[in-house]
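Mapping of the sequence shown onto full-length UniProt numbering: residues 1 to 253, in sequence order. Note that the Cβ used here is the ideal one computed from N, Cα and C, for glycine as well. Step one of this worksheet: look at the structure below.
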Amino acid sequence: METVIYEVTDKIAIITLNRPDKLNALNMRLIWDLVEAFNRAEKDEVKTAIITGKGKAFSAGADVKEMIEMPIEQITREGHMPLWERMRTFKKPIIAAVNGIAAGGGFELAMACDMIIASDTAKFGQPEINLGIIPGAGGTQRLTRTIGKYRAMELVLTGRLISAWEAFKLGLAIRVVPEEALIDETLRLAKEISTKSGFAIELAKEAVNKALDTHLQQGLDLERRNFYVSVMSEDGKEGMKSFIEKRKPNWKT
Ligand code: CO8
C-alpha cells in the first residue's frame, strides 16, 4: 500500500492516510489502498479500526486534479463506491481521529465512520459548491440526518468550514481533544470497546446504524432480532453467567 500506513495493536487497526503533501486528497490509489487496509483489518480479526491522516490534514477531499481528468464514464463505473461499500460492510466499529481539515470527500470519509474524535485543530466542511460541484458521498445525506436540514443546507450551500467545537456542538464529533492527545484518546476509546465481546460489538453496531437507515418499526425489529441473537450467543451466555458469578467474562469472540 503506497498511500496508507496499516498497523495493528491490541486488536485495533490504525489506518493512516499517507499523502501529507497533498493534504491526503483522495485519489484512486488512496481509495484502493483504503479498501485493502479494511480487507486486512477484517482478516486480522481486529475489534476496532481507527482512521487518521498523516501531517496537518485528515483529508482535503477528492483529488481534484485527478477528478477533473477522469471521464464521467470512468468516475461512475469505478468511482469511489468500492471504498464506501467496503466500509459499509465492515462489521467492527470504525473511529475517525480527525487531526486537521476534513473537507468534501474527507468529511464524508469521517462521517462514513461510526464515531468521530476531533483534535482542536480539526475543521469540517463541504466546500464542493466553491468548485461548482456538489458533495457526492454522503455530504447531503449523512450530514443532514445528523445535524438537521437547515444547518446542513447552510454548510452545503456556502461551503463554510466549521471548527472542531462547532462539530462537537452539532453532534458530529463525540469529543474534542488537544492535537497531541488525539491518537492516545482515540486508542483509549478503541481499547475500551475492544474489551467487549466481538460478536456483541457487531450486533450493536448493525442495530445503531439501522436507526439512520430505516423506519422506526423496522429498526426496532432488527434490534430485537439482534438482541435475541446476542442473548443466545456463547458470549451472551458467558457475559450474563459471569455477572451472576461475580467474575470477569471470558469472551470467545
Ligand atoms: N485535491 C487535490 N490536491 C489537493 C486538494 C484536493 N482536494 N487539496 C489540497 N491539495 C493539494 C494542493 O494542490 C497542494 O499541492 P501542491 O503543493 O502540489 O500545489 C497541497 O495539497 C497543499 O494544499 P494548499 O497549498 O492548498 O494548502 P493550504 O493549507 O493553503 O489550504 C485547503 C488548505 C484550504 C484545504 C486547500 O487545500 C483547499 O481548499 N483544498 C481543496 C478542498 C476542497 O475543495 N475539497 C473538496 C474536493 S471535491 C470532493 O471532495 C468531492 C467528493 C466526492 C465524493 C468522493 C470522495 C472520495
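Test item: CB-CB of leucine 182 and asparagine 99 under 7 Å: Along the sequence shown, one-based indexing puts residue 182 at 182. Along the sequence shown, one-based indexing puts residue 99 at 99. In this structure, asparagine 99 lies closer than 7 Å to leucine 182 by Cβ.
Exposure label - glutamate 245; buried when at least 16 CB within 10 Å: One-based indexing of the sequence shown puts residue 245 at position 245. That one is exposed.
Residue environment, arginine 188, which counts as buried when at least 16 other CB atoms sit within 10 Å: As a working mapping, residue 188 is identified with position 188 in the sequence shown. With fewer than 16 other Cβ atoms within 10 Å, it is exposed.
Touching by the beta-carbon criterion (3+ pairs, under 8 Å), the segment 47 to 60 and the segment 85 to 98: Contact between the segment 47 to 60 and the segment 85 to 98 is present, because at least three Cβ pairs lie under 8 Å.
For alanine 173 and isoleucine 117, believed in contact at Cβ under 8 Å, the rounded distance: Position 117 of the sequence shown holds residue 117. Position 173 of the sequence shown holds residue 173. Yes, isoleucine 117 and alanine 173 are in contact; Cβ-Cβ is about 7 Å, under 8 Å.
CB contact flag (residue 264, serine 230, <7 Å): Here the chain covers residues 1 to 253 and nothing more, so residue 264 does not appear.
Cβ neighbour criterion (16 or more within 10 Å) applied to glutamine 126: As a first step, residue 126 must be located in the sequence shown, where it is residue number 126. The residue is buried, with at least 16 neighbouring Cβ atoms inside 10 Å.
Distance cut-off 6 Å: lysine 22 Cβ against heavy atoms of the ligand SAH: Absence of the ligand SAH from the depicted structure is noted, with the ligand CO8 being the only ligands included.
Distance between lysine 123 and aspartate 102 (C-alpha atoms, nearest Å): Looking up residue 102 in the sequence shown gives position 102. Looking up residue 123 in the sequence shown gives position 123. Per the sequence presented here, residue 102 reads as alanine, with aspartate not at that position. Taking the straight line from one Cα to the other gives about 6 Å.
Within 7 Å, strictly: CB atoms of arginine 29 and tyrosine 6: Taking the first residue of the sequence shown as 1, we reach residue 29 at position 29. Taking the first residue of the sequence shown as 1, we reach residue 6 at position 6. Taking 7 Å as the Cβ cut-off, arginine 29 and tyrosine 6 do not qualify as a contacting pair.
Local Cβ density within 10 Å of arginine 86, reported as buried at 16 or more and exposed below that: As a working note, residue 86 is residue 86 in the sequence shown. Buried, because 16 or more other Cβ atoms sit within 10 Å of the Cβ of arginine 86.
Residues sharing a beta bridge with valine 8, DSSP: For this step, residue 8 is matched to residue 8 along the sequence shown. In DSSP, valine 8 forms a bridge with Ala13.
Whether asparagine 24 touches leucine 17 by CB criterion (7 Å): In the sequence shown, counting from the first residue as 1, residue 24 sits at position 24. In the sequence shown, counting from the first residue as 1, residue 17 sits at position 17. In this structure, leucine 17 lies closer than 7 Å to asparagine 24 by Cβ.
Closer than 6 Å: proline 127 CB and nearest the ligand CO8 heavy atom: As a first step, residue 127 must be located in the sequence shown, where it is residue number 127. It does: the Cβ of proline 127 is within 6 Å (strictly closer) of some heavy atom of the ligand CO8.
Exposed unless 16 or more other CB atoms sit within 10 angstroms - verdict on phenylalanine 90: Walking along the sequence shown from the start, residue 90 turns up at place 90. By the neighbour-count rule (16 or more Cβ atoms within 10 Å), phenylalanine 90 is buried.
Beta-carbon spacing of glycine 106, phenylalanine 58 below 7 Å: As a first step, residue 106 must be located in the sequence shown, where it is residue number 106. As a first step, residue 58 must be located in the sequence shown, where it is residue number 58. Yes, the Cβ-Cβ distance between glycine 106 and phenylalanine 58 is below 7 Å.
Contact test: valine 64 Cβ vs the ligand CO8 heavy atom, cutoff 6 Å: Position 64 of the sequence shown, counted from the first residue, corresponds to residue 64. Because some heavy atom of the ligand CO8 lies under 6 Å away, the Cβ of valine 64 counts as near it: yes.
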